[in-house]
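> Protein sequences appear in the order of chains H and W.
Residues 0 to 146 (numbering that gives the first Met the number 0) are what the first sequence spells out, left to right.
Residues 0 to 94 (numbering that gives the first Met the number 0) are what the second sequence spells out, left to right.
Glycine included, each C-beta is placed from N, C-alpha and C at the ideal position.
Please read through the structure below; I'll follow up with questions.
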Amino acid sequence: MAQTRKPPELKLKDITGRQVRLSDYRGKIVLLNFWATWCPPCRAEIPDLIRLQREYHSAGLRVIGVTYPPQTLPEVKEFFRKHKMNYPVAIGNKANKLLFTESESLPMTIVIGANGSVKDIIEGILLPEEFEQKIKPLLKKPLGESK
Amino acid sequence: MRKSLVLTLAMSAVMLISAIGISAATRKATIRVEGMKCANCSGSVKKALKATAGVETVEVNHQTQEAVIEYDDTKVTEVRLREVINSTGFKAVEE
C-alpha cells in the first residue's frame, strides 16, 4: 500500500523515559513498528528489526517500536532487555496507531521517508523482499556504490 | 483405420503424460497451526506462505487452526512450508 501523505506528529516517551518525537527523525528513513509482546508474529520479527537497525543505521535507517495495548511497562522492559533491542521502544495506545491506519493488523510497520512523509504501510511481518523493494531504495547508498 | 488408431493412442499417451506431470508437480498440504487466536494472526501466516516461491494457493483459518496450501513440489517442500509457518511465530504441528 503506497502512501505519500505527511505523518501526523507522534510524541511519546520510550521505556527509559526519553522523549521520542517523529519530527526529530527528519532526514532519516524511519520504520515505525507497532507491536506487542503478546503477538507471536510481532515477537518473531523483532530479531530482524534489530538486525536492520544495526546493518542499515549508517545508511540512515532508524527503527522505532511502539507497543499496542494491552501492554504493561514491566512486560516491555523485560522483553527489551531479554532480546537486547537496539532501538527506542515506547508504550503506545490505539490512538497512536489510528493516526496512521485503521487496520487492526499487528505487527504493522509504517515506512516514513526522509522528508517525513508516509511512504508505505506494511501489514504483518516485514518480509525480506518487502525490505528490498520498498525500503532499501529509500536508503543512502554506501560509499563506493554508484547511484 | 490403423493410422487413426495409432493417432488416437498417441494423443491419449500425450494427455496421460501431461496429466501425470501436473499431478506430480502440484500438491496440497493441510497443516495444523497452533497459536492463532484472531484473523490478524492468520493474515501473517498467509502473507508469509504466499510470498514463498512455489506456493500457488493459501487458505489459513484461525478458527480451524489450519493452513491449506497448494504448492509446486518441484519448487518447495512441505518441510519448508512448515519452516515458513514457524518463522511467523506460530507452530506448525507435526501429525
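Can you tell me whether K146(H) is buried or exposed? The criterion is at least 16 other CB atoms within 10 Å of its CB, across all chains shown.
Because K146(H) sits at a pLDDT of 43, beneath the cut-off of 50, its placement in the model cannot be relied upon, and the following sentence gives the value as read from the coordinates. By the 10 Å Cβ count, K146(H) comes out exposed.
> When DSSP labels each residue in this structure, what does G42(W) get in the three-state scheme?
In the structure shown, G42(W) sits in a helix (DSSP, three-state: H, G or I).
> Is it buried or exposed, R61(H), if we count other Cβ atoms within 10 angstroms and call 16 or more buried?
With 16 or more other Cβ atoms within 10 Å, it is buried.
> List, in chain order, every chain H residue whose beta-carbon is nearer than 7 Å to that of S41(W).
None at all; the shortest Cβ gap to chain H is about 10 Å.
> Would P7(H) pass as an interface residue toward chain W - the criterion being a Cβ-Cβ separation below 7 Å?
For P7(H), the answer is no, since every Cβ of chain W falls outside 7 Å of its Cβ.
> Cα separation between T36(H) and F89(W)?
Those two C-alpha atoms are separated by around 14 Å.
> I need the straight-line Cα distance from K27(H) to S41(W), nearest angstrom please.
So the two alpha carbons sit approximately 33 Å from each other.
> Whose CA, out of V88(H), H82(H), Y67(H), E54(H), lies closest to the CA of Q18(H)?
The residue with the shortest Cα to Cα distance from Q18(H) is V88(H).
> If we call anything under 7 Å between Cβ atoms a contact, is K74(W) one with A38(W)?
Their beta carbons are not under 7 Å apart, which means K74(W) does not touch A38(W) by this criterion.
> Run down chain H in chain order and give the residues with a C-beta less than 7 Å from the C-beta of K74(W).
The contacting residues do not exist; K74(W) stays about 16 Å from chain H at best.
> Tell me, please, whether the region 75 to 82 of chain H touches the region 35 to 51 of chain H by the rule of three or more beta-carbon pairs shorter than 8 Å.
The region 75 to 82 of chain H, when compared against the region 35 to 51 of chain H, does touch it at the 8 Å Cβ threshold.
> Could you pull out every residue in the same chain whose Cβ sits closer than 6 Å to the Cβ of I45(H), ignoring the five residues on either side in sequence?
The residues are H82.
> Who are the Cβ neighbours of P40(H) in its own chain at under 8 Å, not counting the five residues just before and after it?
Taken in chain order, the residues that qualify are L105, P106, G123, I124.
> Mind checking whether T56(W) and E65(W) have CB atoms under 7 Å apart?
No, Cβ-Cβ distance for T56(W) and E65(W) is not below 7 Å.
> Check whether chain W comes within 7 Å of P40(H), counting only Cβ atoms and requiring the distance to be less than that.
Answer yes: the Cβ-Cβ gap between P40(H) and chain W drops below 7 Å somewhere.
> Keeping to the same chain, check which residues put their C-beta closer than 7 Å to that of R53(H); ignore five residues upstream and five downstream.
Hits under 7 Å: N85.
> How would you list, in chain order, the residues of chain W whose beta-carbon sits under 8 Å from the beta-carbon of S116(H)?
Correct list: empty, because the minimum Cβ distance to chain W is about 25 Å.
> So, T29(W) versus V83(W), is the Cβ gap smaller than 7 Å?
No, the pair does not count as a contact, with Cβ atoms beyond the cut-off.
> Whose Cβ in chain W lies nearer than 7 Å to the Cβ of L105(H)?
Per Cβ cutoff of 7 Å: N39.
> Below 8 Å on the Cβ atoms is my contact criterion, and I expect L30(H) with V110(H) to pass it. Report the Cβ-Cβ distance as a whole number of Å.
Confirmed, about 6 Å.
> Can you find the residues in the same chain that come closer than 7 Å, C-beta to C-beta, to P7(H), ignoring five residues on each side of it along the sequence?
The residues are L98.
> Determine whether the beta carbon atoms of L138(H) and Y67(H) lie at a separation below 7 Å.
No; because the gap between Cβ atoms is not below 7 Å, this pair is not in contact.
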